[in-house]
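**Student:** In our numbering, each residue's number is its place in the sequence shown (first place is 1) plus 20.
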Amino acid sequence: MRAAVFYEVGKPLVVEEVELAPPHSGEVLVRIAATGVCHSDLHYIKGDLTMPLPVVLGHEAAGVVEAVGDGVDSVRPGDHVVLLFAPACGHCRYCDSGRPHLCEMRARVRGKMPDGTSRLRLAGRDLHHFTCVSSWAERAVVPASGVLPIGKDVPLAVAAMLGCAVTTGVGAVVNTARVTPGSSVVVFGLGGVGLNVVQGARLAGAVMIIGVDLLDHRLEAARRFGATHTLNAGAGDPVRAILGLTGGGADYAFEVIGRAATVRQAVDSVSRGGVAVAVGLPPAREELVVPGPAFVLNEKTLRACFYGSSRLRDDIPRLLALYRAGRLMLDELVTASFPLDRVNDAVAALDRGDGLRSVLEMPAA
Ligand SMILES: [Zn+2]
Ligand SMILES: [Zn+2]
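(1) Going by CA-CA distance only, name the one from L353, P175 and F245 that's closest to G375.
(2) Looking only at DSSP bridge pairs, what is D146 linked to?
(3) What residue from V48, C58 and H44 has the CA that sits closest to G278's CA?
(4) Within 7 angstroms: the Cβ of A296 and any heavy atom of ligand 1?
(5) Taking DSSP's pairing of strands, which residues face N252 in a bridge?
(6) In whole angstroms, what is the alpha-carbon distance linking L332 and T187?
(7) Does the pairing of the segment 177-197 with the segment 324-342 give three or more beta-carbon distances under 8 angstroms?
(8) What would DSSP say about A98, mapped onto helix, strand or coil?
(9) Going by Cα to Cα distance, which pick from V218, V232 and D233 is closest to A226?
(10) Measuring only the C-alpha atoms, how far is G56 from V85?
(11) What whole-angstrom Cβ distance do L176 and S154 have, given they're in contact under 8 angstroms?
(12) Measuring alpha carbon to alpha carbon, tell me which residue in A255, S289, N318 and V76 is nearest R23.
(13) Counting along the chain, where does the beta strand (DSSP E) carrying F358 start and finish?
(14) Cα-Cα, which of V283, V295, V297 and L317 is closest to L308?
(15) State yes or no: is the C-beta of C325 nearer than 7 angstroms to some heavy atom of ligand 2?
(16) At what residues does the alpha helix (DSSP H) containing I65 begin and finish?
(17) CB-CB under 6 angstroms to G268, same chain, minus the five flanking residues each way: which ones, in chain order?
(18) Return the chain-ordered list of same chain residues with a C-beta closer than 8 angstroms to the C-beta of G191, the five sequence neighbours on each side being excluded.
(19) Leaving aside the five residues before and after L342 along the sequence, list all residues of the same chain whose C-beta is less than 8 angstroms from its C-beta, in chain order.
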């Protein structure tokens with residue numbers, strides 16, 4: 021099968037023929053139909069975050085099950101599935117306490133499958149897996165706990181985004197922050213995840229939703245997704261504008277970029293007792309700093325959000341129900357589709373901030 025192989029920071033990915041071993045016990049072979057191009061992938065390509073190389077990236081995908089390994093009864097060949105980048109063991113302290121997105125398995129699977137080996141080989145050498153997904157490829161072997169079957173009525177390019185952007189963005193609002201009806205919400209960064217924070221806030225009943233970005237086309241998109249106000253951060257201090265609009269600070273602020281400076285702006289934008297949520301993944305060595313006395317005296321909260329604090333098997337079907345009911349905008353998120361051969365163009369488009377979400381789509385087998 022063909023896959024986009026990432027060999028070296030700063031070099032283009034190489035699309036080439038890669039060997040994919042059949043699924044082991046407890047694993048599933050999926051034909052990838054569509055896979056998103058997310059900032060987390062870009063972080064590794066640019067070297068802002070590191071992982072063992074060479075690797076096949078891609079962590080947001082949907083496809084069709086082609087084969088299952090021994091002992092897998094949760095899916096069958098032909099099932100349509102969303103791939104999940106946080107496979108869960110089902111029996112660690114985090115799984116047991118209802119937080120499977122924090123499963124201990126995550127530390128074990130860096131670059132590997134859960135059993136410590138790779139299914140990906142090229143020229144006699146193992147390639148690394150990425151988050152047990154590695155979907156920038158025609159096929160992927162993944163743990164059975166890393167796939168969730170969905171209805172065949174959902175376009176797979178749309179379903180792919182449930183693997184990361186939608187689940188993370190809406191989950192940050194409803195699970196991590198638990199935004200209450202009537203609240204005011206600020207969202208810093210209006211890319212694929214940020215727009216889902218905006219529509220999550222709309223679904224949660226926020227009455228003021230302020231979107232902040234540097235790109236006007238994203239501010240316009242945010243209004244379509246539910247923002248009541250938008251601010252171009254290049255046109256003046258957004259914190260001062262937010263404090264003015266909200267009469268002293270928002271109830272919640274979400275940072276969906278992954279930079280210390282905007283996390284600080286999120287903290288500064290919330291009212292006394294307000295909650296700032298760091299959703300964007302910061303580069304390695306970036307430290308998040310809050311103002312000491314103002315943080316304590318104003319009893320602010322800064323909390324982090326990984327994967328929308330989601331119980332994926334419960335949350336994704338609910339998100340699909342909202343989509344089917346016309347209340348969750350997913351079709352509108354996919355603004356460009358590239359073939360796998362043009363993965364480097366898709367990555368460049370993401371880096372420039374073109375469109376909302378790009379997907380790589382593979383031809384049906
Ligand atoms: Zn992502
Ligand atoms: Zn676990």
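We treat Cβ as the ideally placed atom computed from N, Cα and C, and that holds for glycine.
**Tutor:** Let me spell this out:
(1) The residue you call residue 375 lines up with position 355 of the sequence shown. When each option's Cα is compared against that of G375, the closest is L353.
(2) The count along the sequence shown starts at 1 and reaches residue 146 at position 126. DSSP lists R141 as partners of D146.
(3) Along the sequence shown, read from residue 1 onward, the residue named residue 278 stands at position 258. Answer by Cα proximity: C58.
(4) Locating residue 296 in the sequence shown gives position 276, counting from the first residue. No, the beta carbon of A296 sits no closer than 7 angstroms to any heavy atom of ligand 1.
(5) Indexing the sequence shown from 1 puts residue 252 at position 232. Paired residues: D233.
(6) Numbered from its first residue, the sequence shown carries residue 332 at position 312. Numbered from its first residue, the sequence shown carries residue 187 at position 167. If I take the Cα positions, the gap works out to 8 angstroms.
(7) yes
(8) Along the sequence shown, read from residue 1 onward, the residue named residue 98 stands at position 78. First, the residue type needs correcting, since residue 98 is Gly and not Ala in the sequence shown. Residue state, collapsed to three classes: coil.
(9) Position 206 of the sequence shown, counting from 1, holds the residue named residue 226. Answer by Cα proximity: V218.
(10) Here residue 56 corresponds to residue number 36 of the sequence shown, with the count starting at 1. Here residue 85 corresponds to residue number 65 of the sequence shown, with the count starting at 1. Spanning the two alpha carbons is a distance of roughly 18 angstroms.
(11) Indexing the sequence shown from 1 puts residue 176 at position 156. Indexing the sequence shown from 1 puts residue 154 at position 134. Between S154 and L176 the Cβ distance is about 17 angstroms, and since that is not below 8 angstroms, they are no contact.
(12) Here the question's residue 23 lines up with position 3 in the sequence shown. Residue identity check: residue 23 is Ala in the sequence provided, not Arg. The candidate whose alpha carbon is nearest that of A23 is V76.
(13) Numbered from 1 along the sequence shown, position 338 holds the residue referred to as residue 358. Element bounds for F358: V354 to F358.
(14) The residue given as residue 308 occupies position 288 in the sequence shown. Ranking V283, V295, V297 and L317 by Cα distance to L308 puts V283 first.
(15) Within the sequence shown, numbered from 1, the residue matching residue 325 stands at position 305. No.
(16) Here residue 65 refers to the residue found at position 45 when the sequence shown is read from its first residue. First-last of the alpha helix (DSSP H) with I65: H59 to K66.
(17) Reading the sequence shown from its first residue, position 248 is the one you call residue 268. Cβ within range, chain order: S291.
(18) For the purposes of this step, residue 191 is identified with residue 171 of the sequence shown, where counting begins at 1. Cβ within range, chain order: G220, C325, Y327, G328, S329, S330 and D335.
(19) The residue you call residue 342 lines up with position 322 of the sequence shown. Same-chain partners within the cutoff: L223 and L348.
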